[in-house]
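Peer 1:
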Ligand SMILES: [Zn+2]
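Chains as they are written, first to last, in this note's numbering: chain A, 104 to 426; chain B, 980 to 1282.
1. Which residues of chain B have a Cβ atom closer than 7 angstroms to the Cβ of residue 232/A, listed in chain order?
2. Which of helix, strand or coil does DSSP assign to residue 238/A?
3. Can you tell me which of 1135/B, 1116/B, 1206/B and 1144/B puts its alpha carbon nearest to the alpha carbon of residue 1083/B?
4. Leaving aside the five residues before and after residue 347/A along the sequence, list all residues of the same chain whose C-beta is less than 8 angstroms from its C-beta, in chain order.
5. Any heavy atom of ligand 1 closer than 8 angstroms to the CB of residue 1031/B?
6. Hey, is residue 1037/B close to ligand 1, as in C-beta under 8 angstroms from one of its heavy atoms?
7. Can you confirm whether the segment 1048-1057 of chain B touches the segment 1103-1114 of chain B when touching is taken to mean that 3 or more C-beta pairs between the two stretches lie within less than 8 angstroms?
8. Which term fits residue 1176/B, buried or exposed, when burial requires 16 or more other beta carbons within 10 angstroms of its beta carbon?
9. Three-state secondary structure (DSSP) at residue 1025/B?
10. Taking all protein chains shown into account, decide if residue 377/A is buried (16 or more other Cβ within 10 angstroms of its Cβ) or exposed.
11. Would you tell me roughly how many angstroms separate the C-alpha atoms of residue 185/A and residue 382/A, rounded to the nearest one?
12. Any beta carbon from chain B within less than 9 angstroms of residue 411/A's own beta carbon?
13. Looking at ligand 1, does it come within less than 8 angstroms of residue 1028/B, judged from the CB to the closest heavy atom?
14. Cβ atoms of residue 1169/B and residue 120/A: under 9 angstroms apart, would you say?
15. Enumerate in chain order the residues of its own chain whose CB-to-CB distance from residue 1228/B is below 8 angstroms, with the five nearest sequence positions on each side excluded.
16. Does the beta carbon of residue 327/A come closer than 9 angstroms to any beta carbon on chain B?
17. Just to check my reading of the structure: residue 369/A and residue 357/A have Cβ atoms closer than 8 angstroms, yes? What is that Cβ distance to the nearest angstrom?
18. Using only the heavy atoms of ligand 1, determine whether one of them is closer than 8 angstroms to the beta carbon of residue 232/A.
19. For residue 144/A, report the span of its beta strand (DSSP E) as first-last.
20. Does the CB of residue 1073/B have a neighbour CB from chain A at under 9 angstroms?
21. What does the alpha-carbon distance come out to for the pair residue 1146/B and residue 1057/B?
22. What are the residues in the segment 289-302 of chain A lying within 9 angstroms of chain B by C-beta distance?
23. At least one CB of chain A closer than 9 angstroms to the CB of residue 1176/B: is that the case?
24. Does chain B have any CB closer than 9 angstroms to the CB of residue 203/A?
25. Name the one or two DSSP bridge partners that residue 206/A has.
26. Checking the sheet assignment: what are the DSSP bridge partners for residue 422/A?
27. Let me know if residue 1022/B comes out buried or exposed under the rule of 16 or more other beta-carbons within 10 Å of its beta-carbon.
28. Contact criterion: CB-CB distance below 9 angstroms. Does residue 1228/B meet it with respect to chain A?
29. For a test of the three-state rule: what should DSSP assign to residue 1058/B, helix, strand or coil?
30. Using a beta-carbon distance below 9 angstroms, is residue 1188/B in contact with chain A?
31. Rounded C-beta distance between residue 1185/B and residue 1129/B? I'm assuming under 8 angstroms.
32. Report the residue from 418/A, 213/A and 202/A whose alpha carbon sits nearest the alpha carbon of residue 244/A.
33. Could you tell me whether the Cβ atoms of residue 278/A and residue 296/A are closer together than 9 angstroms?
34. Would you kindly work out how many angstroms separate the C-alpha atoms of residue 165/A and residue 354/A, rounded to a whole number?
35. Quick one: Cα of residue 1213/B to Cα of residue 275/A, how far?
36. Apply the 10 Å Cβ neighbour rule to residue 1163/B and answer buried if 16 or more other Cβ atoms are within range, or exposed otherwise.
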């Protein structure tokens, strides 16, 4: 029940205190067997609290889970989906961005081109992956694989977990805006099915650069937004402290975005978040992708492209005034 | 409808809507304008005659969408399309003020319904579709309407087999429409994909300033990329980059000239030359599209 490995988040503090209490009582259980009913009572309380806590999460709570340091990353999913998946490297133009992971992967019987942003697990990995912020070369590496998929008629599955593109000098000089734009442009024209899953943070244009898909899925506690809540708060509220307000106002959570009609499915996570059980999270995601792919693979190439273009053509809400 | 009538009807419409508001805003009565760059005091009407370019230092002032259209298309040839589109408020967004109120304020300030005007006109006699963003309306930000209008003018050009010119000026995606704004990047880029597949010419003009979601979509997808002198163009803003990398950036970083040096634009064109360059580019590419007859063999000249 108590998950010792998972680092508790701020909003999980009451839960953690209760868990500590139970643990302390359990140590005395050998000498004081009469404590058993108390312990059982507390355990029940713990379960109830846990359930109610996780079913009433605020936007910022989801954000905290999405950014949890133990959150499963792209490599964690790929290796669970297919332990023999084969990584491919490089943009062929001078760089191999570790923040963008690409390769060949079997999803059951379906062969796919797998692409995903990667945050990196160890500190060294994180630095190399630039904390999940790809360089323009990373987007171009992904583009190379999209074209590979098109050439060989293989569907594409992308995983998104990135704070966004990197605000750096070289990234600008190497035209990251163009790198992102070209990916949107080319992805929209692919005749092979594309499925995107937001697994953690869907950070703006840097996320969309691998997100123009026939079906967009989001893990239950992931978030997707046009700008980071911190960025939004500092511009509109003129204070980064208003992050929680911005997160709420922008409607960044999976459920809200599903309700807005922008995404197609929310994938259930283990109670408390994917970091409590990587295997289960990966299995749920795999099942969802296969289910979506099986349907799309029945369509012709032209129909697949038309399906994707129509999806994005219909995005947005406005009024057509008569005057 | 020619431009004069267009302005007149729009003015009338504005006046009818807001009779009680004072007409003499700072903008209307300012006789003098100080150049942001050389600090020279310029006579406002003269500055306007000079296409809003400082005669002393060639600083290119930001201009509104209608003024730009006036400068680029042949007189009386512009036909606006989709003028009736208006923003909704899908998120019921409120920050320190409501999105609905901010929209009203933006329209009052700019006299426009939205941050882009689209339509068809001729440029030196050549038919073309054109979309011009206006930074004066909501910082030129792209929400659902801007995305929709850009997508529609692109589809219109595709259908009519016409070249497309988009003039960008934007702070980026409109945060108040959240995820919908982000999706406009994909919507516009996707429309341009079909346009490109039809073999048509798209010229993207980047003007002061063009940032964020607009650069990361249609503004960077031109067959030909043109920037206005001194215009600042990028994805991330200068301040954000400086805070992130903790170092000062070169003074000319993200300027049109800097982009030219780094291979991001084909040319930097001053405002007074823009129309003729566009006409040249359209003629060059559209005549190339017509079935080319084999060049006639030169007759042997005997002397
Ligand atoms: Zn000047």
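Each residue gets a CB set at the ideal place from its N, CA and C atoms; glycine is no exception. Fair warning: this is a prediction, and the values are worked out from it, not measured in the lab.
Peer 2: According to the data block:
1. As a working note, residue 232/A is residue 129 in the first chain. Near residue 232/A there are no residues of chain B at all, since even the closest Cβ is about 16 angstroms away, more than 7 angstroms.
2. Sequence index remark: in the first chain, residue 238/A carries index 135 (1-based). In the structure shown, residue 238/A sits in coil (DSSP, three-state: anything other than H, G, I, E or B).
3. Numbered from 1 along the second chain, position 104 holds the residue referred to as residue 1083/B. Per the Cα distances, 1116/B.
4. Along the first chain, read from residue 1 onward, the residue named residue 347/A stands at position 244. Exclusion of the five residues before and after residue 347/A leaves 161, 162, 163 and 332 as the residues of its chain whose Cβ lies within less than 8 angstroms of its Cβ.
5. Within the second chain, the letter at position 52 stands for residue 1031/B. Not one heavy atom of ligand 1 lies closer than 8 angstroms to the C-beta of residue 1031/B.
6. One-based indexing of the second chain puts residue 1037/B at position 58. Checking the Cβ of residue 1037/B against ligand 1 gives yes.
7. Cβ pair count under 8 angstroms is three or more, so yes.
8. In the second chain, counting from the first residue as 1, residue 1176/B sits at position 197. Exposed, because fewer than 16 other Cβ atoms sit within 10 Å of the Cβ of residue 1176/B.
9. Here residue 1025/B refers to the residue found at position 46 of the second chain. DSSP, read as helix, strand or coil, puts residue 1025/B in helix.
10. As a working mapping, residue 377/A is identified with position 274 in the first chain. Classification for residue 377/A: buried.
11. For the purposes of this step, residue 185/A is taken as residue 82 along the first chain, with counting starting at 1. For the purposes of this step, residue 382/A is taken as residue 279 along the first chain, with counting starting at 1. For residue 185/A and residue 382/A, the gap between their C-alpha atoms comes out near 12 angstroms.
12. Here residue 411/A refers to the residue found at position 308 when the first chain is read from its first residue. Using a Cβ-Cβ cut-off of 9 angstroms, residue 411/A counts as an interface residue toward chain B, since at least one Cβ of chain B sits closer than that to its own.
13. Numbered from 1 along the second chain, position 49 holds the residue referred to as residue 1028/B. Checking every heavy atom of ligand 1 against the Cβ of residue 1028/B, none is found closer than 8 angstroms.
14. Your numbering for residue 120/A matches position 17 in the first chain. Your numbering for residue 1169/B matches position 190 in the second chain. At least 9 angstroms separates the beta-carbon of residue 120/A from that of residue 1169/B.
15. Here the question's residue 1228/B lines up with position 249 in the second chain. Excluding sequence neighbours, residue 1228/B sits near 1217, 1220 and 1221.
16. Position 224 of the first chain, counting from 1, holds the residue named residue 327/A. Chain B contact via Cβ: present.
17. Taking the first residue of the first chain as 1, we reach residue 369/A at position 266. Taking the first residue of the first chain as 1, we reach residue 357/A at position 254. Right, their Cβ atoms sit about 5 angstroms apart.
18. Walking along the first chain from the start, residue 232/A turns up at place 129. Not under cutoff, so the answer is no.
19. Here residue 144/A is taken as the residue at index 41 of the first chain, counted from 1. From DSSP, residue 144/A is part of no beta strand (DSSP E) but of the alpha helix (DSSP H) over 139-158.
20. By 1-based counting over the second chain, the position of residue 1073/B is 94. Yes, residue 1073/B lies at the interface with chain A (some Cβ there is under 9 angstroms from its Cβ).
21. Mapped onto the second chain, residue 1146/B falls at position 167. Mapped onto the second chain, residue 1057/B falls at position 78. Going by C-alpha positions, residue 1146/B is about 15 angstroms away from residue 1057/B.
22. When C-beta distances to chain B are compared with 9 angstroms, the residues of the segment 289-302 of chain A below that value are 289, 290, 291 and 292, in chain order.
23. Numbered from 1 along the second chain, position 197 holds the residue referred to as residue 1176/B. Judged by the 9 angstroms Cβ criterion, residue 1176/B is in contact with chain A.
24. For the purposes of this step, residue 203/A is identified with residue 100 of the first chain, where counting begins at 1. For residue 203/A, no CB of chain B lies under 9 angstroms from its own CB, so it is not counted at the interface with that chain.
25. One-based indexing of the first chain puts residue 206/A at position 103. Note: residue 206/A sits in a beta bridge opposite 190/A and 217/A.
26. Residue mapping note: residue 422/A aligns to position 319 of the first chain, counting from 1. DSSP lists 1065/B as the bridge partner or partners of residue 422/A.
27. Locating residue 1022/B in the second chain gives position 43, counting from the first residue. A residue is called buried when at least 16 other Cβ atoms come within 10 angstroms of its Cβ; residue 1022/B does not meet this threshold and is exposed.
28. In the second chain, counting from the first residue as 1, residue 1228/B sits at position 249. Closer than 9 angstroms: yes.
29. Position 79 of the second chain, counting from 1, holds the residue named residue 1058/B. In the structure shown, residue 1058/B adopts extended strand secondary structure according to DSSP, grouped into three states.
30. As a working note, residue 1188/B is residue 209 in the second chain. Chain A contact via Cβ: absent.
31. Residue numbering aside, residue 1185/B sits at position 206 when the second chain is read from its first letter. Residue numbering aside, residue 1129/B sits at position 150 when the second chain is read from its first letter. Here residue 1185/B is actually not in contact with residue 1129/B; their C-beta atoms are around 15 angstroms apart, not less than 8 angstroms.
32. Position 141 of the first chain holds residue 244/A. Residue 202/A is the option with its Cα nearest to residue 244/A.
33. Numbered from 1 along the first chain, position 175 holds the residue referred to as residue 278/A. Numbered from 1 along the first chain, position 193 holds the residue referred to as residue 296/A. Between residue 278/A and residue 296/A, the CB-CB gap reaches or exceeds 9 angstroms.
34. Numbered from its first residue, the first chain carries residue 165/A at position 62. Numbered from its first residue, the first chain carries residue 354/A at position 251. Their Cα atoms are separated by approximately 11 angstroms.
35. As a position in the second chain, residue 1213/B is number 234, starting the count at 1. As a position in the first chain, residue 275/A is number 172, starting the count at 1. Approximately 7 angstroms between the Cα atoms of the pair.
36. The residue labelled residue 1163/B in the question sits at position 184 within the second chain. Result: buried.
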